[in-house]
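Report on the structure given below.
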Amino acid sequence: MTTPLPSVIRLNVELGEKVLNEKLQRDFRQRFDKLCHRRSDSTVFQDWVEVAAICLHQTPCNQGILPKDAKYEELEARYMEFVLKYKREGLTVFSEMLGIVQMALSETHSDFLGELYEALELTGSSEKQRRGEFFTPHHLSTLMAKMSLDKEFIGQAIAEKGHLSLCEPACGFGGMVIETCKHIEALGFEPSQMVFVEATDISRTCFHATYLQLSLLGIPARVRHGNTLSDEMWEVWATPILQLRLRKGEIDPRLRRIAEMAEGMAEEEPEVETVAQELCLPEKKVESAETYQLELFSDGEGEEPRL
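Under our numbering, read the sequence shown as residues 62 to 368, first letter to last.
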């Protein structure tokens, strides 16, 4: 019996990931289309990705792990606008869409949202040109990561600084960061322990999408909505894993520099501690709106959202 060559095994894995990605994209599109008969595709996508990002950002406070501060209340008010807009049926679909993304990222560690966004064709070519919007193809992101970083360079950076810093000034949906972290992991380093990312984009949708994907992948990062060229910054959110280390003092000695670099973030950011496990609606009551909780990851299959 012959043993398959490593290249053949790798090819089979890549084909398996491609098939899975395509299936999950179809599942996402099926649910996405349910919400687009009353609103434009682009509006629904922008609303969903913002809701998902806020949910990840707010979960520790909603779970009672951290106190609710002014920033929490500000985002909660924004969240309630979507409660009124989409009601129970719409928010249930939002929850299912987030579950699909979480599954895709956990299985493939690829830029699932970026590929999906391109497939949905939510922005015309003329509009993309006007915005200067271009998403780096997956294979180019992989190639650039391999050309830029080798094991010796990464090891030296960690030995000198305690971590490897990655700066992405026009992050899109985070594809370049994701592929780079995937490459770093393949070289034997753990991104969640040894990498610090600062990712910026001028698009609010890209800001939310990058935050969502990096949070679910457990990548320590500051995600910024801003203009890299003019240095204007409107919002800065830390991913849950970075907040965990900074807020609870659970900082590996090799990551002390990360804490120093992000020290000023406390005044900008609410405290976030863990990667979100639920998609939760706010606890407070609002006139003319149903208030309920949606479980993203339930113990049983087919379990209905809790009222």
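C-beta: ideal position from N, C-alpha, C; glycine also.
- Around the Cβ of Gly-175, a 10 Å sphere holds 16 or more other Cβ atoms; the residue is buried.
- Per DSSP, the unbroken beta strand (DSSP E) holding Thr-261 starts and ends at 256-262.
- Ile-215 sits away from Leu-201, with the two beta carbons spaced by 8 Å or more.
- Contact between Val-112 and Tyr-140 holds, since their C-beta atoms are separated by about 7 Å, short of 8 Å.
- Judged by DSSP secondary structure, Ala-282 falls outside any alpha helix (DSSP H) and instead within the beta strand (DSSP E) spanning 282-288.
- Here Arg-283 is buried: its Cβ has 16 or more other Cβ atoms, across all protein chains shown, within 10 Å.
- DSSP, reduced to helix, strand and coil, places Cys-116 within a helical segment of the structure shown.
- In this structure, Leu-136 places its C-beta atom within 8 Å of the C-beta atom of Ile-115.
- In the DSSP annotation of this structure, the continuous segment of the alpha helix (DSSP H) that includes Glu-240 starts and ends at 236-247.
- In the DSSP assignment, Met-294 forms a beta bridge with Gly-287.
- If you compare the alpha carbons of Leu-290, Gly-279, Arg-308 and Trp-295 with that of Ile-302, the shortest gap goes to Gly-279.
- In the DSSP assignment, Ser-226 forms a beta bridge with Phe-257.
- By the Cβ-count criterion, Leu-152 is buried, with 16 or more other Cβ atoms from all chains shown falling within 10 Å of its own Cβ.
- Around the Cβ of Pro-252, a 10 Å sphere holds 16 or more other Cβ atoms; the residue is buried.
- The way I'd put it, the segment 155-173 does touch the segment 80-97; three or more beta-carbon pairs between them come closer than 8 Å.
- Here Ala-131 carries a helix assignment [DSSP, helix/strand/coil].
- A contact is defined here as three or more CB-CB pairs under 8 Å, and the segment 250-264 fails this definition with respect to the segment 103-110.
- In the DSSP assignment, Gly-175 falls within the unbroken alpha helix (DSSP H) covering 173-181.
- Counted as a single uninterrupted DSSP element, the alpha helix (DSSP H) harbouring Arg-265 occupies residues 265-277.
- For Ala-231, the three-state secondary structure derived from DSSP is coil.
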